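Below is one structure, written out as structure tokens; the observations come after it.
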Amino acid sequence: MIEKSSVRYDSSRIKLEGYGLQEKETKAKDLANYFFDATAYQALDPETVIYRVEYQDNGLSEGTPGGLYFGITHLNPGVIGTEYFLTKGHFHATRDTGEYYFGLQGRGILMLVENEITRMEKVMPGSVHYIPGNTAHRLINTGEEILSVSACWQSVSGHDYRSPDKMFPLRIFRDPLGQPVVKSG
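Its first residue numbered 16, the sequence shown is counted upward by one per residue in the working numbering.
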């Protein structure tokens, strides 16, 4: 007997559907000390959703060898001061594990930091991004619509959310013409 998949991706709604799905929201109040302009951050409603992650709970515990996780990050458009909305960003707790990102909707930047060297890749629908082990990574939404990116990572990877200013020495701001500009931060 051929069984139907318990989860499917609805490309018209950029959403996972099915069984065993979980969702986590990250609000402004969860991102204290992540943005350069503290005054603008304090003025923002702390309940503002910056991004949400939907993922399949496939029953594997974190740390299970040989397993994979799959999810989609939806990063809202916006700025705090002139700094674009961003994800917390992280290393993997098991440092040498990699990950794949696949752009589904919107436009933005994937910031990668390895051995204190920062590089950035444009994220857009159809873009594929390999994130090597030992690399901190975060998404920045530089567009006017939600930036949605799917991800697949190993269940042994884990997440290490240490001090963002130490992980990510560069920031992305919107200039007066509405274009992204990179600055040290």
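Note that beta-carbon positions come from the ideal geometry of N, C-alpha and C, so glycine has one too.
Quantities reported herein were computed from a predicted structural model and do not represent experimental measurements.
Host alpha helix (DSSP H) of residue i (start-end)
i, result
"Ala55", "Ala53 to Ala58"
Within 8 angstroms, strictly: CB atoms of residue i and residue j
i, j, result
"Pro80", "Val171", "yes"
"Tyr66", "Thr97", "no"
"Gly104", "Arg134", "no"
"Gln120", "Glu160", "yes"
"Gly82", "Gln71", "no"
Nearest residue (CA-CA) to residue i, options the options
i, options, result
"Gln57", "Asp45, Val68, Tyr66 and Lys181", "Asp45"
"Val94", "Gly141, Gly118, Tyr49 and Lys137", "Tyr49"
"Gly113", "Val196, Met16 and Ile146", "Ile146"
"Leu75", "Val138, Glu131 and Gly173", "Gly173"
"Asn149", "Gln37, Arg110 and Thr63", "Arg110"
"Ile155", "Phe188, Pro140 and Asp175", "Phe188"
"Pro184", "Leu192, Ser163, Val164 and Val197", "Val197"
"Gly118", "Glu129, Ala108 and Leu162", "Leu162"
"Ala166", "Thr157, Leu127 and Tyr115", "Tyr115"
"Arg28", "Val64, Leu192, His89 and Met126", "His89"
Beta-carbon separation (whole angstroms), residue i vs residue j, contact threshold 8 angstroms
i, j, result
"Ala43", "Asp60", "7 angstroms"
"Phe106", "Met182", "7 angstroms"
"Arg186", "Gly200", "4 angstroms"
"Gly123", "Val138", "5 angstroms"
"Leu31", "Glu69", "5 angstroms"
Residue range of the beta strand (DSSP E) that includes residue i
i, result
"Asp25", "Val22 to Asp25"
"Asn91", "Neither: Asn91 is in no beta strand (DSSP E) and is coded neither H nor E."
"His152", "Ala151 to Asn156"
"Thr79", "Unbroken run through Thr79: none, as it is neither H nor E."
"Gly195", "Before going further, note that residue 195 is Pro rather than Gly in the sequence given. Residues Pro195 to Ser199."
"Gly96", "Neither: Gly96 is in no beta strand (DSSP E) and is coded neither H nor E."
"Lys30", "Lys30 to Gly33"
"Ile65", "Val64 to Gln71"
"Leu36", "Leu36 to Lys42"
Q | Complete runs of the beta strand (DSSP E) confined to the segment 98-184 [at least 3 residues] | A | 114-120, 123-129, 132-138, 143-146, 151-156 and 162-169
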